[in-house]
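Q: There's a structure below that I have some questions on.
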Amino acid sequence: VSGAAHTAVNGVYSHCGESDGVPMYAYATFWLLRKKVAGGGSDIFVVSATDGSMRLMSKAGRVEKVVDGHKGAVVSVRWNYEGTALATCGEDGVIKIWSRAGMLRSTLVQNDSAVYAICWAPDSDQLLFSSGKHLIIKPLQPSAKQTRWKAHDAAVLKVDWNPVNDLIVSGSEDCRYKVW
Numbered sequence: 481v482s483g484a485a486h487t488a489v490n491g492v493y494s495h496c497g498e499s500d501g502v503p504m505y506a507y508a509t510f511w512l513l514r515k516k517v518a519g520g521g522s523d524i525f526v527v528s529a530t531d532g533s534m535r536l537m538s539k540a541g542r543v544e545k546v547v548d549g550h551k552g553a554v555v556s557v558r559w560n561y562e563g564t565a566l567a568t569c570g571e572d573g574v575i576k577i578w579s580r581a582g583m584l585r586s587t588l589v590q591n592d593s594a595v596y597a598i599c600w601a602p603d604s605d606q607l608l609f610s611s612g613k614h615l616i617i618k619p620l621q622p623s624a625k626q627t628r629w630k631a632h633d634a635a636v637l638k639v640d641w642n643p644v645n646d647l648i649v650s651g652s653e654d655c656r657y658k659v660w
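My numbering puts the first residue of the sequence shown at 481, with every later residue one more than the last.
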């Protein structure tokens, strides 16, 4: 297991298993807590896997839905700030946007190389993602122009966008992190 999520009471959930007799390992997890979603709802989390799927799971650890979405591992999953959409990226270079229920809304990016990291902008109308040594901000509007810059000297593996001060942080295989 390469991913785990913690509850507010320090419970830890992780997931691994088999899919058609082939070992499947968890890759990334991300909680959607009830307080983040307008109108309440249940606490759920998503687990991405090396088999190209993601699993929407209840707080009790029950698999609510399995979605096959990528070819190769789903490397990162992130809920938007409203809890109404989920972004996934993977080894196939594709970024997809999903509904809270796991229905595909759109394929936002089809990249030539793996996408290792994604995160939502604070207003949830853009996605930040890595492509090799570069960072790219991609608006959800089809006609809007994306912003791209060389961020590191090696592959960028992690990104996050602070909703309070609007700063971006990136971490890379070059053993450096940078704040933008």
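All residues carry an ideal CB built from backbone N, CA and C; glycine is no exception. Remember, predicted model here, so these are calculated numbers, not experimental data.
Whole angstroms is fine: what's the gap from residue 647's alpha carbon to residue 544's?
A: Locating residue 647 in the sequence shown gives position 167, counting from the first residue. Locating residue 544 in the sequence shown gives position 64, counting from the first residue. Rounded to whole angstroms, residue 647 to residue 544 spans 35 Å at the Cα level.
Q: Spatial neighbours of residue 639 within its chain, please: CB distance less than 8 Å, with the 5 preceding and 5 following residues excluded, ordered by chain position.
A: Stepping through the sequence shown from its first residue, residue 639 is reached at position 159. Closer than 8 Å at the Cβ level, and outside the excluded window around residue 639, lie 597, 598, 599, 608, 609, 610, 615, 648, 649, 650, 651.
Q: What's the call for residue 553, buried or exposed, on a 16-neighbour Cβ count within 10 Å?
A: Here the question's residue 553 lines up with position 73 in the sequence shown. Burial call: buried.
Q: Nearest CA to the CA of residue 566: which residue from 539, 534, 542?
A: One-based indexing of the sequence shown puts residue 566 at position 86. Nearest C-alpha to residue 566: 534.
Q: Let me make sure I understand the geometry here. Which of 632, 644, 573, 604 has the alpha-carbon closest to that of residue 658?
A: Within the sequence shown, numbered from 1, the residue matching residue 658 stands at position 178. The shortest Cα separation from residue 658 among 632, 644, 573, 604 belongs to 632.
Q: Please report the distance separating the alpha-carbon of residue 619 from that of residue 560.
A: One-based indexing of the sequence shown puts residue 619 at position 139. One-based indexing of the sequence shown puts residue 560 at position 80. Each residue's alpha carbon lies about 13 Å from the other.
Q: Closest to residue 541 by CA distance: which of 547, 549, 523, 570 is it?
A: Taking the sequence shown and counting its residues from 1, the one referred to as residue 541 is at position 61. Among 547, 549, 523, 570, the Cα nearest to that of residue 541 is on 523.
Q: What are the partner residues of residue 545, as DSSP defines its beta bridges?
A: The residue you call residue 545 lines up with position 65 of the sequence shown. Partner(s): 536.
Q: By the three-class DSSP mapping on this structure, what secondary structure does residue 611 have?
A: The count along the sequence shown starts at 1 and reaches residue 611 at position 131. Here residue 611 sits in strand by DSSP.
Q: Does residue 660 come out as helix, strand or coil in the three-state DSSP assignment?
A: Mapped onto the sequence shown, residue 660 falls at position 180. In the structure shown, residue 660 sits in coil (DSSP, three-state: anything other than H, G, I, E or B).
Q: Buried or exposed for residue 644, please, with buried defined as at least 16 other CB atoms from any protein chain shown within 10 angstroms of its CB.
A: Taking the first residue of the sequence shown as 1, we reach residue 644 at position 164. Exposed, since its Cβ has fewer than 16 Cβ neighbours within 10 Å.
Q: Which class does residue 677 belong to by DSSP, given the choice of helix, strand or coil?
A: No answer is possible for residue 677: it lies beyond the span of the chain, which begins at 481 and ends at 660.
Q: Quick check on residue 520: buried or exposed, where buried means 16 or more other Cβ atoms within 10 Å of its Cβ?
A: Walking along the sequence shown from the start, residue 520 turns up at place 40. Reliability fails at residue 520, whose pLDDT of 48 lies under 50, so the model's placement of it is uncertain and the value that follows must be treated cautiously. It is exposed - the Cβ of residue 520 has fewer than 16 other Cβ atoms within 10 Å.
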